[in-house]
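First to last, the protein sequences are chains Y and Z.
Counting from 1, one number per residue, gives the positions in the first sequence under my numbering.
Counting from 1001, one number per residue, gives the positions in the second sequence under my numbering.
Comments concern the structure below.
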Amino acid sequence: MVVNTERVDIAVTERDVLDRDEVMVAKPDGPLAAVLLAAGIGSFALGLFTTLAEASSGFRDRLVLNAGVGPLSGKTVWATVIFVVAWTVLHAQLRHRDALLRSATIAFVILTLLGLLGTFPIFFQAFAPE
Amino acid sequence: MQLTNRELWTLIHGMGLGALFLLAFAGGLAGFYSLRPEWLTSAGIRERIARLDIGTVVMAIVAWLTVITGTWIVYPWYRARPPEGATELEEYPRYFLLANEHLAEWHHFGMEWKEHIAWIAPYLATVVAFGAVYYGRRLAYEPAVRRLLMWVFIAAFVIAGIAGLFGALITKAAPIL
């Protein structure tokens, strides 16, 4: 039986050590909670505008910011304005706060699902006048 | 072989910006999934984070540009009203679809869904980009935040995918000429 007696040297190098700042310094989750909530609010606003525009021709007409785009112009512009304003206000309020992510995520999921429901044609078209 | 101005913008909106967002998703998802300190060295984390930051910010910008070009440039051509008494409706996609009983649902369901739901994708993509940039390297040590951003990222992709799919199918049924 041939035994391989060749010696193999394995160089073990020390794994990179992380900078202390990278690991130890936790960041408050308030800023992420703020943008999450703002996205949920913006999505909900879009769904709400879409459904209200279907239910009321007067409201739909008021949403027309551009004749070529029609009511979609107002729905998307106002929903985006609400998203940006909500983000700005919430960021200012929550930027130093922490441990908000769980409740913000729950609110975000609920608001976004409502927004998705409000933009689903079978749902919003049910509000169209006969 | 040539493209009209309308075809060019439709191409930029759908095949350029929209497809770029959808194609970049796989890379971004892999970036989030593999961002684990037990799998990476410190140098590896720095390199991944730099790529993730740039990737998610670019994807958010692309998502915004996709809906802005779609709504403000392409959509008015889709919903343009034909002249009174016109019977040739091929240049008026919305009215062409509505005039054909077997195509009308592409507008009533497909376009009505696409034009609204698409706008939720940039909101979600902005959350992901902000989260990635805000946490930076710390993201590797915040598994709950990383998982949250990954799910928001997936939601943005699914929403953009619905809009993109209906956009492609509607364009096939009634192209913007």
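From the three backbone atoms N, C-alpha and C, an ideal C-beta is built for every residue, glycine too.
Among residues of its own chain, excluding the 5 on either side of residue i, which ones have a beta-carbon nearer than 8 Å to its beta-carbon?
| i | result |
| --- | --- |
| TYR1092/Z | ALA1080, ARG1081, PRO1082, ALA1086 |
| LEU1035/Z | ILE1045, ARG1048, ILE1049, LEU1052, LEU1139, ALA1140, ARG1146 |
| VAL1058/Z | ALA1024 |
| THR1171/Z | THR1010, GLY1014 |
| LEU1149/Z | PHE1032, VAL1127, VAL1128, GLY1131, ALA1132, LEU1139 |
Below 7 Å on C-beta distance, what does residue i contact in chain Z?
| i | result |
| --- | --- |
| GLU31/Y | Per the sequence presented here, residue 31/Y reads as Pro, with Glu not at that position. What PRO31/Y touches in chain Z: TYR1134. |
| LEU36/Y | VAL1127 |
| ALA79/Y | TRP1119 |
| SER43/Y | ILE1120, TYR1123 |
Using the Cα positions of residue i and residue j, report the straight-line distance between them to the nearest angstrom.
| i | j | result |
| --- | --- | --- |
| ARG62/Y | THR1056/Z | 35 Å |
| ILE41/Y | GLU1142/Z | 25 Å |
| GLU54/Y | PHE124/Y | 6 Å |
| ARG95/Y | GLY30/Y | 5 Å |
| PHE108/Y | ALA1160/Z | 18 Å |
| PHE127/Y | VAL25/Y | 51 Å |
| LEU37/Y | THR51/Y | 21 Å |
| ILE1190/Z | ILE1117/Z | Outside the displayed span of chain Z (1001 to 1177) sits residue 1190/Z, for which this structure offers no information. |
| THR1041/Z | PHE1130/Z | 24 Å |
| LEU1029/Z | SER73/Y | 32 Å |
| THR1004/Z | ALA1019/Z | 20 Å |
| VAL64/Y | ILE1120/Z | 20 Å |
What would DSSP say about residue i, mapped onto helix, strand or coil?
| i | result |
| --- | --- |
| GLN1002/Z | coil |
| ASP29/Y | coil |
| GLY68/Y | coil |
| PHE123/Y | helix |
| ILE1073/Z | helix |
| SER1034/Z | coil |
| GLU130/Y | coil |
| HIS1108/Z | helix |
| MET1015/Z | helix |
| LEU1103/Z | coil |
| ILE1176/Z | coil |
| ALA86/Y | helix |
Excluding the 5 residues flanking residue i on each side, which residues of the same chain have their C-beta closer than 7 Å to its C-beta?
| i | result |
| --- | --- |
| PRO1122/Z | ALA1060, ALA1063, TRP1064, VAL1067 |
| GLY1031/Z | ARG1048, ARG1051, LEU1052, GLY1055 |
| LEU90/Y | ALA34, LEU37, ALA38 |
| HIS1107/Z | ARG1094, LEU1097, LEU1098 |
Which chain Y residues are close to residue i, counting only those with a beta carbon under 9 Å from its beta carbon?
| i | result |
| --- | --- |
| PRO1076/Z | ASN66, ALA67, GLY68, VAL69, GLY70 |
| GLY1031/Z | Per Cβ cutoff of 9 Å: no residues; GLY1031/Z is ~18 Å from chain Y at best. |
Could you name the residues of chain Y that residue i contacts, counting a contact when the two beta carbons are closer than 7 Å?
| i | result |
| --- | --- |
| LEU1124/Z | ALA39 |
| PHE1153/Z | In chain order: nothing, as chain Y lies at least about 12 Å away. |
| GLY1131/Z | LEU32 |
If you drop the 5 nearest sequence neighbours on each side, which residues of the same chain put their C-beta closer than 6 Å to that of residue i?
| i | result |
| --- | --- |
| ALA1168/Z | none |
| GLY1070/Z | HIS1013 |
| PHE59/Y | LEU52, ALA53 |
Check each residue of the region 50-73 of chain Y: if its Cβ is closer than 7 Å to any Cβ of chain Z, include it; give the result in chain order. If the cut-off is 7 Å between Cβ atoms, the region 50-73 of chain Y has THR50, GLY68, VAL69, GLY70, LEU72 near chain Z.
Where the region 1060-1072 of chain Z meets chain Y: residues whose CB sits under 7 Å from a CB there: Those residues of the region 1060-1072 of chain Z that come within reach of chain Y (Cβ to Cβ, closer than 7 Å) are THR1071, TRP1072.
What residues in the region 1091-1120 of chain Z bring their beta carbon closer than 8 Å to a beta carbon of chain Y? Listed by position along the chain: HIS1108, PHE1109, GLU1112, TRP1113, GLU1115, HIS1116, ILE1117, TRP1119, ILE1120.
When Cβ atoms are compared, which residues of the region 85-97 of chain Y fall closer than 7 Å to chain Z? Taking 7 Å as the Cβ-Cβ cut-off against chain Z, none of the residues of the region 85-97 of chain Y qualify.
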